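Okay, structure first, notes after.
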Amino acid sequence: MFPDEKDWIIKQLSQYVNLNGGGVIDVGSGSGDYTKTQPPILELYQYLSERGLTVETLDSDPNTYPNHLCDIVNGSVNIPPYDLVLCTNTLEHVSDIGTAVANLERLVKPAGYLIVTVPHDLPPHLHPIDNNFRPTSQ
Numbered sequence: 543m544f545p546d547e548k549d550w551i552i553k554q555l556s557q558y559v560n561l562n563g564g565g566v567i568d569v570g571s572g573s574g575d576y577t578k579t580q581p582p583i584l585e586l587y588q589y590l591s592e593r594g595l596t597v598e599t600l601d602s603d604p605n606t607y608p609n610h611l612c613d614i615v616n617g618s619v620n621i622p623p624y625d626l627v628l629c630t631n632t633l634e635h636v637s638d639i640g641t642a643v644a645n646l647e648r649l650v651k652p653a654g655y656l657i658v659t660v661p662h663d664l665p666p667h668l669h670p671i672d673n674n675f676r677p678t679s680q
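Just so we're aligned, residue 543 is where the sequence shown starts under our numbering, counting upward by one.
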């Protein structure tokens with residue numbers, strides 16, 4: 543996650559999302575070193591925590607130590623829905639974007655929120671794949 547991306551997410555949350563406690567799941571970030579060492583994600587998690595929200599993680603990579611080990615495309619996502627679902631810079635790493643988005647929607651409670659970001663100018667980076675999904679305004 544990049545600093546400007548974190549700022550955009552917080553702006554969206556502060557303007558449009560009712561943050562009165564509840565559950566958050568971050569899909570694709572795991573709970574390993576990435577979420578513990580990257581200032582933007584640490585600041586976002588702190589922002590959520592200060593508003594009484596508990597953040598859990600879902601990832602297909604056991605080495606990221608997610609709360610929920612699951613492949614958002616090929617695995618069955620059998621966990622209760624959340625008030626807020628975050629999916630930042632993950633869709634460029636899935637083999638089927640449509641299935642991934644359908645599963646993300648299943649993770650959102652009725653009247654809940656889904657925030658998805660994807661890279662724009664970031665070059666391909668394999669982890670474990672990169673499908674070159676780079677939406678543009680054109």
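By construction, the Cβ of each residue, glycine as well, lies at the ideal position given by its N, Cα and C atoms. Since the model is a prediction, treat every value here as computed from it, not as a measurement.
Reference residue i; option with closest CA among the options
i	options	result
Pro-545	Asn-562, Ser-571 and Glu-585	Glu-585
Val-658	Leu-649, His-635, Thr-630 and Ser-637	Thr-630
Gly-570	His-635, Gly-654 and Thr-596	His-635
Pro-760	Asp-625, Asp-549 and Glu-547	With the chain covering only 543 through 680, there is no way to say anything about residue 760.
Leu-590	Gly-654, Gly-565, Trp-550 and Tyr-607	Gly-565
DSSP state of residue i mapped onto helix, strand, coil
i	result
Thr-632	coil
Ile-551	helix
Val-643	helix
Phe-544	coil
Counterpart residues of residue i in DSSP-defined beta bridges
i	result
Glu-598	Ile-567
Val-615	According to DSSP, Val-615 bridges with nothing at all.
Thr-606	None, per the DSSP bridge assignment.
Tyr-624	Val-650
Through-space distance from residue j to residue i, alpha-carbon basis
i	j	result
Val-559	Val-627	12 Å
Asn-645	Val-615	7 Å
Asp-568	Pro-581	16 Å
Lys-553	Thr-596	19 Å
His-610	Leu-649	12 Å
Asn-620	Asn-605	21 Å
Thr-632	Pro-622	21 Å
Asp-601	Asp-638	15 Å
Tyr-587	Gly-563	13 Å
Ser-556	Cys-612	30 Å
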